[in-house]
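Novice: Heads up, the numbering used here is the position in the sequence shown plus 902, with the first residue counted as 1. Just so you know, even glycine gets a beta-carbon here, dropped at the ideal spot from N, CA and C. Keep in mind the model is a prediction, meaning the values are calculated, not measured.
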Amino acid sequence: MTRRIGIVCYPTIGGSGVVATELGIYLAEQGYEVHFISTTMPFRLKRLYPNIYFHEVEVANYPVFKHPPYDLSLANKIAEVADREELDIIHAHYAVPHAICALFAKQMMSRDVKIVTTLHGTDITVLGIDDSLQNMIRFAIEQSDAVTAVSNSLKQQTEEAFQTKANIQVIHNFIDLGDRLSQTSDNLKEELNIPEHEKVIIHISNFRKVKRVEQVIEAYYYIKEQVPSKLLLVGDGPEYSRVRQKVVDYNLDQDVIFLGRQDNIQDLIKVSDLKILLSEKESFGLVLLEAMSQGVPCIGTNVGGIPEVIEDGKNGFLCPLGDLECVATNAIALLQNDALWEAQSLHAQQTVENHFQTKHIVKQYEELYDHVLNKE
Ligand code: GMT
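#1: Could you check if L1083 is buried or exposed, using at least 16 other CB atoms within 10 Å of its CB as the buried criterion?
#2: On the three-pair Cβ rule with 8 Å, is the segment 1210 to 1217 touching the segment 1182 to 1200?
#3: Whose C-alpha, out of A922, M1194, V1015, is nearest the C-alpha of K1277?
#4: Can you name, in chain order, every residue of its own chain whose Cβ lies under 6 Å from the Cβ of F1219, other than the five neighbours on each side?
#5: When you measure from the CB of R1110 to every non-hydrogen atom of ligand 1, does any distance come out below 8 Å?
#6: Kindly examine ligand 1 and report whether one of its heavy atoms sits closer than 8 Å to the Cβ of K1177.
#7: Along the chain, where does the alpha helix (DSSP H) containing G917 start, and where does it finish?
#8: Could you name each continuous alpha helix (DSSP H) segment of 4 residues or more that falls completely within the segment 957 to 1002, going from the start of the chain to the end?
#9: Could you check whether A994 and I1017 sit closer than 9 Å to each other, using their CB atoms as the reference points?
#10: With a Cβ-Cβ cutoff of 9 Å, do D1047 and V1274 count as a contact?
#11: Can you give, in chain order, each stretch of the beta strand (DSSP E) that sits fully within the segment 1024 to 1090 and has at least 3 residues?
#12: How many angstroms separate the CA atom of V921 from the CA atom of R906?
#13: I need the straight-line Cα distance from C911 to L925, nearest angstrom please.
#14: How many Å lie between Y1267 and I1073 at the Cα?
#15: I need the straight-line Cα distance from T914 to L1135, nearest angstrom please.
#16: Between G1207 and L1056, how many whole angstroms is the CB-CB distance? I'm expecting something under 8 Å.
#17: Less than 6 Å between C-beta atoms, sequence neighbours within five positions excluded: which residues of the same chain meet that for T942?
#18: What would DSSP say about H1262, mapped onto helix, strand or coil?
#19: May I ask which residues mark the beginning and end of the beta strand (DSSP E) holding L1161?
#20: Span of the beta strand (DSSP E) holding V1102?
#21: Given that a residue counts as buried once 16 or more other Cβ atoms are within 10 Å of its Cβ, and exposed if not, what is T923?
#22: May I ask you to check if the CB of H969 is nearer than 8 Å to at least one heavy atom of ligand 1?
#23: Taking the alpha-carbon positions, what's the I1234 to L1154 distance?
#24: Could you name the residues of the same chain whose beta carbon sits closer than 6 Å to that of K1113, not counting the 5 residues immediately before and after it, in chain order?
#25: Which runs of the alpha helix (DSSP H) at least 4 residues long sit entirely within the segment 1131 to 1157? Give them in chain order.
#26: Would you call Y964 buried or exposed, if buried means 16 or more other Cβ atoms sit within 10 Å of its Cβ?
#27: Would you say S1185 touches ligand 1, meaning its beta carbon is less than 8 Å from a heavy atom?
#28: Are I1096 and K1177 closer than 9 Å when you measure CB to CB?
#29: Reducing DSSP to helix, strand and coil, say where T904 ends up.
#30: According to the Cβ coordinates, are K1091 and P1130 closer than 9 Å?
#31: D990: buried (16+ other C-beta within 10 angstroms of its C-beta) or exposed?
#32: Is DSSP giving H937 helix, strand or coil here?
#33: When you measure from the CB of V1264 to every non-hydrogen atom of ligand 1, does any distance come out below 8 Å?
#34: With DSSP run on the structure shown, which of helix, strand or coil describes L1226?
#35: Taking 8 Å as the cut-off, is the C-beta of Y996 nearer than that to any heavy atom in ligand 2?
#36: Hey, is T1260 close to ligand 1, as in C-beta under 8 Å from one of its heavy atoms?
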């Protein structure tokens, strides 16, 4: 019998949307019927799949509403789709608002749909700190039929922050080696005006404060003194202007290339020699896997789930938060030593192959779906 799964996620660029979409695509390839419920088509859903459906949430916005009621429109849509399409499971990515909306929708449905919630981080590490949302997040976690977290660190933080005894299963994020979205461009380095002999360092994020992009600039300033290189900055967000100013202040305008938001980052990663992520909070760091799958070693802060991906000295380096000397020293050592770089590049690909491959990880979600549908 065909299983029908509804996936509720943010469709925009960002790790949780990527994970939710890739999960849906892989499940569809395994024969599931997959229904995405979101405000716009998830950006990774590039082509037509016969058993993937998209249901758009239209948010009502009448003058009487001070804020458009996204959550209510979403809950209404989930209930409507679940009943009509006879869904077995709603998989909500994020406790707030998506799991809450799914739980609300369940009250309106005529079917007994199971709710699986995946915690991605911001709901716990940022919203969880806000007292006004604590009870609601705990409710979402405890009322879901199953809850997963994308790292051991996030599971632990959730248990501590919410004092919950809910059974949270860790299912790490995943990626395919040699991502199928990759569009090979042979001369991208040249197109970006980067001389062949120069190294390329890349940072990809949504430029929120927690990503500490300014520190990436500071670390690069030291790296650049020793290693002819360029820094690619991919993404956009609240800190963007501040980062641009920092680049000017450090006199690095000729060396830092701002690329803004990009859908297909694989080509940019392919021309890169090193990926840097210096966040103060990071439940997993999907961009690290995206780099490692292309054999690019990573330097990251020793926080959250990052140490579950980077093995210090093997596929990159871990540095304490704010320790830019550690970042610069290790980056220089890596970029100046071809043998070390080759060894780490190989290990990075092996990390993905051995621990984070789509087919191995999605199996864990499938087993969880079986479990919730068969329990009672
Ligand atoms: O990092 C962000 O701000 C975006 C956010 C998202 O919704 O995509 O990322 C979170 O989920 C990703 C996918 O599970 C994780 O790889 C990121 O580490 C996590 N971000 C944070 O914990 C800050």
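Specialist: From the atom records:
#1: What you label residue 1083 is simply residue 181 of the sequence shown in a count that begins at 1. Unreliable positioning characterises L1083 in this predicted model, as indicated by a pLDDT of 49, which lies under 50. The coordinate reading is nonetheless provided below. A residue is called buried when at least 16 other Cβ atoms come within 10 angstroms of its Cβ; L1083 does not meet this threshold and is exposed.
#2: A contact exists between the segment 1210 to 1217 and the segment 1182 to 1200.
#3: Locating residue 1277 in the sequence shown gives position 375, counting from the first residue. It is V1015.
#4: Looking up residue 1219 in the sequence shown gives position 317. Excluding positions up to five away in sequence, the list reads I1201, N1232.
#5: Position 208 of the sequence shown, counted from the first residue, corresponds to residue 1110. Relative to ligand 1, the nearest heavy atom lies less than 8 Å away from the CB of R1110.
#6: Within the sequence shown, numbered from 1, the residue matching residue 1177 stands at position 275. Short note on K1177: C-beta not closer than 8 Å to any heavy atom of ligand 1.
#7: On the sequence shown, position 15 is the one that residue 917 refers to. Boundaries of the alpha helix (DSSP H) harbouring G917: 917 to 931, taken from the DSSP string.
#8: Inside the segment 957 to 1002, DSSP marks whole alpha helix (DSSP H) runs of 4 or more residues at positions 972 to 987, from first to last along the chain.
#9: Against the sequence shown, residue 1017 aligns to sequence position 115. Against the sequence shown, residue 994 aligns to sequence position 92. Yes, these two residues count as a Cβ contact at 9 Å.
#10: As a first step, residue 1047 must be located in the sequence shown, where it is residue number 145. As a first step, residue 1274 must be located in the sequence shown, where it is residue number 372. Yes, Cβ-Cβ distance for D1047 and V1274 is below 9 Å.
#11: Taken in chain order, the complete beta strand (DSSP E) segments of 3 residues or longer contained in the segment 1024 to 1090 are 1048 to 1051, 1070 to 1072.
#12: Counted from its first residue, the sequence shown places residue 921 at position 19. Counted from its first residue, the sequence shown places residue 906 at position 4. Distance between the alpha carbons of V921 and R906: 18 Å.
#13: In the sequence shown, counting from the first residue as 1, residue 911 sits at position 9. In the sequence shown, counting from the first residue as 1, residue 925 sits at position 23. Their Cα atoms are separated by approximately 11 Å.
#14: The residue labelled residue 1267 in the question sits at position 365 within the sequence shown. The residue labelled residue 1073 in the question sits at position 171 within the sequence shown. Cα to Cα, Y1267 sits roughly 8 Å from I1073.
#15: Indexing the sequence shown from 1 puts residue 914 at position 12. Indexing the sequence shown from 1 puts residue 1135 at position 233. Rounded to the nearest whole angstrom, the C-alpha separation of T914 and L1135 is 18 Å.
#16: Taking the first residue of the sequence shown as position 1, residue 1207 is located at position 305. Taking the first residue of the sequence shown as position 1, residue 1056 is located at position 154. With a Cβ gap of about 6 Å, G1207 and L1056 count as contacting.
#17: Indexing the sequence shown from 1 puts residue 942 at position 40. Within the same chain, T942 has close Cβ partners P913.
#18: For the purposes of this step, residue 1262 is taken as the residue at position 360 of the sequence shown. Of the three classes helix, strand and coil, the one that applies to H1262 here is helix, per DSSP.
#19: On the sequence shown, residue 1161 is found 259 positions in, with the first residue counted as 1. Boundaries of the beta strand (DSSP E) around L1161: 1158 to 1162.
#20: Locating residue 1102 in the sequence shown gives position 200, where the first residue counts as 1. Counting along the chain, the beta strand (DSSP E) containing V1102 begins and ends at 1101 to 1106.
#21: To locate residue 923, count along the sequence shown from 1; it is residue 21. Answer is buried; the Cβ neighbour count reaches 16.
#22: Reading the sequence shown from its first residue, position 67 is the one you call residue 969. Relative to ligand 1, H969 has its C-beta separated by 8 Å or more from all heavy atoms.
#23: Position 332 of the sequence shown, counted from the first residue, corresponds to residue 1234. Position 252 of the sequence shown, counted from the first residue, corresponds to residue 1154. Cα-Cα distance, rounded: 18 Å.
#24: Here residue 1113 corresponds to residue number 211 of the sequence shown, with the count starting at 1. Excluding sequence positions up to five before and after K1113, its CB lies within less than 6 Å of the CB of S1107, S1181, all in the same chain and listed in chain order.
#25: 1142 to 1151, all fully within the segment 1131 to 1157.
#26: Position 62 of the sequence shown, counting from 1, holds the residue named residue 964. Burial is judged here by how many other beta carbons sit within 10 angstroms of a residue's own beta carbon; Y964 has fewer than 16 and is exposed.
#27: Counted from its first residue, the sequence shown places residue 1185 at position 283. Between ligand 1 and the CB of S1185, the shortest heavy atom gap is smaller than 8 Å.
#28: On the sequence shown, residue 1096 is found 194 positions in, with the first residue counted as 1. On the sequence shown, residue 1177 is found 275 positions in, with the first residue counted as 1. No, these two residues do not count as a Cβ contact at 9 Å.
#29: Translated into the one-based positions of the sequence shown, residue 904 becomes position 2. It is coil, neither helix nor strand.
#30: Mapped onto the sequence shown, residue 1091 falls at position 189. Mapped onto the sequence shown, residue 1130 falls at position 228. With a cutoff of 9 Å on beta-carbon distance, K1091 and P1130 are scored as not near each other.
#31: Walking along the sequence shown from the start, residue 990 turns up at place 88. Classified as buried, D990 has 16 or more neighbouring CB atoms from the shown chains inside 10 Å of its CB.
#32: In the sequence shown, residue 937 corresponds to position 35, counting from 1. Of the three classes helix, strand and coil, the one that applies to H937 here is strand, per DSSP.
#33: Residue mapping note: residue 1264 aligns to position 362 of the sequence shown, counting from 1. No, since every heavy atom of ligand 1 falls outside the 8 Å radius drawn around the Cβ of V1264.
#34: Along the sequence shown, read from residue 1 onward, the residue named residue 1226 stands at position 324. The answer is helix: DSSP assigns L1226 an H, G or I state.
#35: As for ligand 2, it is missing from this structure, which binds only ligand 1.
#36: Translated into the one-based positions of the sequence shown, residue 1260 becomes position 358. No, since every heavy atom of ligand 1 falls outside the 8 Å radius drawn around the Cβ of T1260.
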